[in-house]
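Following: one structure in structure tokens, then a few remarks.
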Amino acid sequence: MVVLEEIEQARETLLKYTREAFFRLPTLMKPQILDIGCGSGVPALELAKLSDGKVTGIDTDQSCLDEFSRKIKAKQLAKRVKAINMSVFDIKFPDKFFDVVWSEGVIGTLSFDKELKQWRRLLKHDGYLVIHYQQKCAADAVSNLPQYGYNLADTVLLPADAWWTEFYKPLEEKMVFLLQKYGGNSDALKLLMQFQKEIDMVRKCPEAFRTAFYIMKKT
Ligand SMILES: C[S@@+](CC[C@H](N)C(=O)[O-])C[C@H]1O[C@@H](n2cnc3c(N)ncnc32)[C@H](O)[C@@H]1O
9 MVVLEEIEQA
19 RETLLKYTRE
29 AFFRLPTLMK
39 PQILDIGCGS
49 GVPALELAKL
59 SDGKVTGIDT
69 DQSCLDEFSR
79 KIKAKQLAKR
89 VKAINMSVFD
99 IKFPDKFFDV
109 VWSEGVIGTL
119 SFDKELKQWR
129 RLLKHDGYLV
139 IHYQQKCAAD
149 AVSNLPQYGY
159 NLADTVLLPA
169 DAWWTEFYKP
179 LEEKMVFLLQ
189 KYGGNSDALK
199 LLMQFQKEID
209 MVRKCPEAFR
219 TAFYIMKKT
């Protein structure tokens, strides 16, 4: 997927919620953090800034990973942050390797049931899984966490209209400019059309797209 700087900037406005979720974790000394479905690294780089640990992002979209790698280099974070092309369906890290497994905007496209069970093996004893996703999609799984081997430690619920007021509406206001700037690039145009569809959906009913961070402790 093509990465557009204006969309990256819009995504960054929501990092305050990533920070809030991170601060709900206990203090962790040099944690090993895995970001599943890291995209171009917006949350992963924030996690590196917030912690003194090592952050590994995995994704299968090479264009996003290339952009993530570019940022790692520009920020001189290569010793602490890695961008790896690895599918969620074939995670190759050993058992109990990570203190924190983090994932934003990914799990709803997969199976909660399967991934919650599978990601658990990656966590050290007392490790934390933090998932950011739409509240209505996550509700069932979150109400049954002990069956997956977790307890719900905390939740950061975003304001009902956060995605509309802080992400989609500002993007809509820039859409004419973006179409002018990127209209000649077919990949960028496809991406903008996809965002326009999301804008139209979220505008109608922002609260249906309300998201939350679920902070789960491995039991
Ligand atoms: C909505 S984006 C979220 C990106 C980033 N976590 C964020 O919050 O900005 C979802 C990401 O999941 C990745 N993804 C989807 N299926 C995947 C899979 N099977 N394995 C790894 N990553 C996947 C996509 O490539 C995309 O970068």
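Position one of the sequence shown corresponds to residue 9 (our numbering), numbered consecutively onward.
Cβ coordinates follow ideal geometry from the N, Cα and C atoms, glycine included.
Who are the near neighbours of L166 in its chain, counting only those whose CB is closer than 7 Å to its CB and skipping five residues on each side?
-> Y25, R218, T219 and A220
First and last residue of the beta strand (DSSP E) that includes D107?
-> F106 to E112
Between F105 and A147, what straight-line distance do the alpha-carbon atoms span, to the nearest angstrom?
-> 28 Å
In chain order, what residues of the same chain have a beta carbon less than 7 Å from the beta carbon of L153, not counting five sequence neighbours either side?
-> N159, L160 and M224
Could you work out which residue in E215, A91, V63 and T64 is closest to D74 when comparing CA atoms only?
-> A91
Please confirm whether any heavy atom of ligand 1 lies closer than 6 Å to the CB of T173.
-> no
Have a look at T68 and M94 and give me their C-alpha separation to the nearest angstrom.
-> 6 Å
Compute the beta-carbon to beta-carbon distance between V114 and G45, rounded to the nearest angstrom, for a pair I have assumed lies under 8 Å.
-> 3 Å
Residue of D103, P34, C72 and M37 minimising C-alpha distance to G47 = C72
Going by the C-beta, is C72 closer than 6 Å to any heavy atom of ligand 1?
-> yes
Cβ contact (3+ pairs, closer than 8 Å) linking the stretch 119-136 and the stretch 209-216 | no
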